[in-house]
Amino acid sequence: MMDEHIYDGLDGERGMTDILRILHLKTSNSGSSSEGGRGPPSPANKAVQTGVELVNDKNGIPRLVLRNNGASATVSLLGGQVISWKTKRAEELLFLSSKAIFDPPTAVRGGIPICFPQFGNSGTLERHGFARNRIWIIENNPPHLAGDFTEKVYVDLLLKPYEEDAKIWPHNFEFRLRISLAADGILNLTSRIRNVDSKNFSFSIAYHTYFSVSDISEVRVEGLETQYYLDNLLQRQRFTEQGGALTFESEVDRIYIDSNNVIAVMDHQKKRTFVIRKDAGLPDVVVWNPWERKSKSIVDLGDEEYKQMLCVDGAAVENPITLKPGEEWTGRLELSLLQSS
Ligand SMILES: O=P(O)(O)OC[C@H]1O[C@@H](O)[C@H](O)[C@@H](O)[C@@H]1O
Numbered sequence: 018m019m020d021e022h023i024y025d026g027l028d029g030e031r032g033m034t035d036i037l038r039i040l041h042l043k044t045s046n047s048g049s050s051s052e053g054g055r056g057p058p059s060p061a062n063k064a065v066q067t068g069v070e071l072v073n074d075k076n077g078i079p080r081l082v083l084r085n086n087g088a089s090a091t092v093s094l095l096g097g098q099v100i101s102w103k104t105k106r107a108e109e110l111l112f113l114s115s116k117a118i119f120d121p122p123t124a125v126r127g128g129i130p131i132c133f134p135q136f137g138n139s140g141t142l143e144r145h146g147f148a149r150n151r152i153w154i155i156e157n158n159p160p161h162l163a164g165d166f167t168e169k170v171y172v173d174l175l176l177k178p179y180e181e182d183a184k185i186w187p188h189n190f191e192f193r194l195r196i197s198l199a200a201d202g203i204l205n206l207t208s209r210i211r212n213v214d215s216k217n218f219s220f221s222i223a224y225h226t227y228f229s230v231s232d233i234s235e236v237r238v239e240g241l242e243t244q245y246y247l248d249n250l251l252q253r254q255r256f257t258e259q260g261g262a263l264t265f266e267s268e269v270d271r272i273y274i275d276s277n278n279v280i281a282v283m284d285h286q287k288k289r290t291f292v293i294r295k296d297a298g299l300p301d302v303v304v305w306n307p308w309e310r311k312s313k314s315i316v317d318l319g320d321e322e323y324k325q326m327l328c329v330d331g332a333a334v335e336n337p338i339t340l341k342p343g344e345e346w347t348g349r350l351e352l353s354l355l356q357s358s
């Protein structure tokens, strides 16, 4: 069960300052520090439901650690963001910048930030929208979600608009995110976005997944051959991908439109392949690597770290999703790993 002691009162209607103040107040009343950081003392680790443990980061922001059969995933309530995913062999599969900042409203560089309700700079909001730098809450009893979760460890998160969001994006929504980890280590993210407003709204969304790779020069992406893409580096001009796998030797920033639903990221040096499966709710794929020059301008990314990361996002960005009052959209992403010996 969720920890009522820590989460009662976090109803998603408050401003960020209020929520952080409550979190800090409650966590500092709850026990002694376990990480010794500059934030308030962390409570002793707590089991919140089967296979899920609640811990605090050094700034007092709660994290959930999911464990299943030797695999694990860590989710920060800052951004509702998966920041670690490991297989039974305890290898880290997601890139997290050594300079990542866990201090809202900065978004965390790495893991799987959720870009919502805007992708990139294509609207009036800050880049990639506000969901990635808000504190989400744990939801105890979400509306029923179809699918087989009996063998899985999972957690349900919820984001509702903060007061300040309503000023810049005046639409009332409920964003539910289920993160599940199967016994074979497969990680699943299912988003449900509901219009609880009295008028239509439209949004874009991306699971901005930073894969950890040995060396970007050794990586190939398969599944995008012959697909259309918009090149963000060339004023979003439209191109067609050539026949071979996508490889990397300079900055890449593309949106593949209506792409295949199965994409493979092959890392020859590590002898492993990430398999990305997305459903019809996520028609597009974004591929991004900042390469050397841009990396140097990104304060929360090490100068050389572009070599160890590749973003491949399941997304719905080219044609925004429009919801009428009462309607709900669903988008599911599944990540798995194939390892050769
Ligand atoms: O630095 P941010 O806001 O996390 O964005 C990183 C990148 O995210 C990518 O998805 C975009 O296509 C890029 O244009 C952008 O630079």
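Mapped onto this note's numbering, the consecutive letters of the sequence shown carry residue numbers 18 to 358.
Idealized CB from N, CA, C, for every residue including glycine.
- Using a cutoff of 7 Å, the CB of GLY68 does not count as near ligand 1, since none of the ligand's heavy atoms is closer than that.
- Counting only runs of 4+ residues, no alpha helix (DSSP H) is found wholly inside the stretch 187-221.
- Taking 8 Å as the cut-off, the beta carbon of TYR227 is found no closer than this to the beta carbon of SER197.
- Taking a contact to require three or more Cβ pairs closer than 8 Å, the stretch 201-209 and the stretch 173-190 do not qualify as touching.
- Non-local C-beta neighbours of ASP275 in its own chain, meaning closer than 6 Å and more than five positions away in sequence, comprise PRO300, ordered along the chain.
- Taken through DSSP and simplified to helix, strand or coil, SER229 comes out as strand.
- Note that the stretch 322-336 touches the stretch 111-122; at least 3 beta-carbon pairs, one per stretch, sit closer than 8 Å.
- Here the distance from the Cβ of VAL238 to the nearest heavy atom of ligand 1 is not below 7 Å.
- Residue pairing by DSSP places ALA281 opposite GLU239, VAL292 in a beta bridge.
- Distance from TYR273 to VAL304 at the Cβ level is roughly 7 Å; contact confirmed, criterion being Cβ atoms closer than 8 Å.
- Counting only the Cα atoms, LYS288 lies some 10 Å from VAL236.
- When the beta-carbon positions are compared, GLY319 and LYS116 come within less than 8 Å of each other.
- Collapsing the DSSP output to three states places LEU251 in a helix.
- Where ILE185 is concerned, the enclosing alpha helix (DSSP H) starts and stops at 180-185.
- The criterion of a C-beta distance shorter than 8 Å is satisfied by TYR179 and ARG151.
- With fewer than 16 other CB atoms across the displayed protein chains lying within 10 angstroms of its CB, ILE185 is exposed.
- Sequence-distant Cβ neighbours of LYS313 in its own chain, meaning closer than 6 Å and more than five residues away, are ASP320.
- Exclusion of the five residues before and after ALA124 leaves GLY96, PRO130, ARG149, ASN150 as the residues of its chain whose Cβ lies within less than 7 Å of its Cβ.
- With a cut-off of 8 Å on Cβ pairs, the stretch 132-148 is not in contact with the stretch 77-92, counting fewer than three such pairs.
- Within its own chain, the residues whose Cβ lies closer than 8 Å to the Cβ of LEU354, once the five positions on either side in sequence are excluded, are THR104, LEU110, GLY202, ARG289, THR290, PHE291, VAL292, listed in chain order.
- Non-local C-beta neighbours of GLY127 in its own chain, meaning closer than 8 Å and more than five positions away in sequence, comprise ILE100, LEU111, PHE112, LEU113, SER114, ALA117, TYR227, MET326, ordered along the chain.
- Annotation: the continuous beta strand (DSSP E) that includes LYS63 extends over 63-66.
- For GLN98, DSSP records a beta bridge to SER93.
- A distance of 8 Å or more separates the beta carbons of ARG193 and GLU143.
- When Cβ pairs closer than 8 Å are counted between the two stretches, the stretch 239-254 is seen not to touch the stretch 213-229, the count staying below three.
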